[in-house]
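S.K.:
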Amino acid sequence: MSNIQEVAKFMKLGEQKFPEAPTAILNWEELEGIVDKMGEEVAETSEALLFHVRGDKPNAARMIDGAIDTAYVALSLAIKIAGVEGAQRAWDEVSKANLSKVDGTYGPKVIDENGVVKKPEGFKHPNIYNAVFGKQGK
120 MSNIQEVAKF MKLGEQKFPE APTAILNWEE LEGIVDKMGE EVAETSEALL
170 FHVRGDKPNA ARMIDGAIDT AYVALSLAIK IAGVEGAQRA WDEVSKANLS
220 KVDGTYGPKV IDENGVVKKP EGFKHPNIYN AVFGKQGK
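Per our numbering, residue 120 is the first one in the sequence shown, and the count goes up by one each step.
1. Measuring alpha carbon to alpha carbon, tell me which residue in PHE137, GLY253 and PHE252 is nearest LEU194.
2. If contacts are defined as beta-carbon pairs under 8 Å, then THR189 and THR164 qualify, I think. What distance do you get, rounded to the angstrom?
3. Distance check for ASN246 and GLU240, CA to CA, integer angstroms please.
4. Taking all protein chains shown into account, decide if LYS257 is buried (16 or more other Cβ within 10 angstroms of its Cβ) or exposed.
5. To the nearest angstrom, how far is it from the Cα of LYS243 to the Cα of ASN217?
6. Pull up the DSSP beta-bridge partners for ILE230, would you.
7. Compute the distance between the beta-carbons of VAL126 and ILE198, then report whether it is under 8 Å.
8. Within 10 angstroms of the Cβ of GLU166, are there 16 or more other Cβ atoms? Answer buried if so, exposed if not.
9. Can you check which of these residues, LEU145, SER121 and MET120, is closest to LEU196 by C-alpha distance?
10. Run through DSSP, which three-state label would GLU134 get?
In structure tokens:
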């Protein structure tokens, strides 16, 4: 079971509705609530990191929990918009694009002084619209 399928299972058991297929009919208030929840999870993760910055005992477990909770909420947002299969196609498209930054597709990888992988020259952004809705649009 993929992470997206696990989040969809949680949503079903939690009686959260989502479309079977991608849709343009969205409940913007509901989506705003999900984005707010995502912000809360990012804030919790930041707070755990802040303990470390202040010299307190680092709380790696809280940072990991916050990071995964953020991803969980973010995936639920994708599922609410694109359905399970559409969200999976979007995930695959983003993963393919991210891997192309380091697999030699565009030449040597570009990593900054902080160890962050950067977009190499010629990088092509993922086409989420096509991945989710098909090739009719941009």
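Ideal Cβ placement from N, Cα and C applies to all residues, glycine included.
M.R.: In this structure, then:
1. PHE137
2. 6 Å
3. 18 Å
4. Low local confidence applies: a pLDDT of 44 at LYS257 is under 50, so the model's placement there is unreliable, with the coordinate-based value given in what follows. By the neighbour-count rule (16 or more Cβ atoms within 10 Å), LYS257 is not buried but exposed.
5. 10 Å
6. VAL236
7. yes
8. exposed
9. LEU145
10. coil
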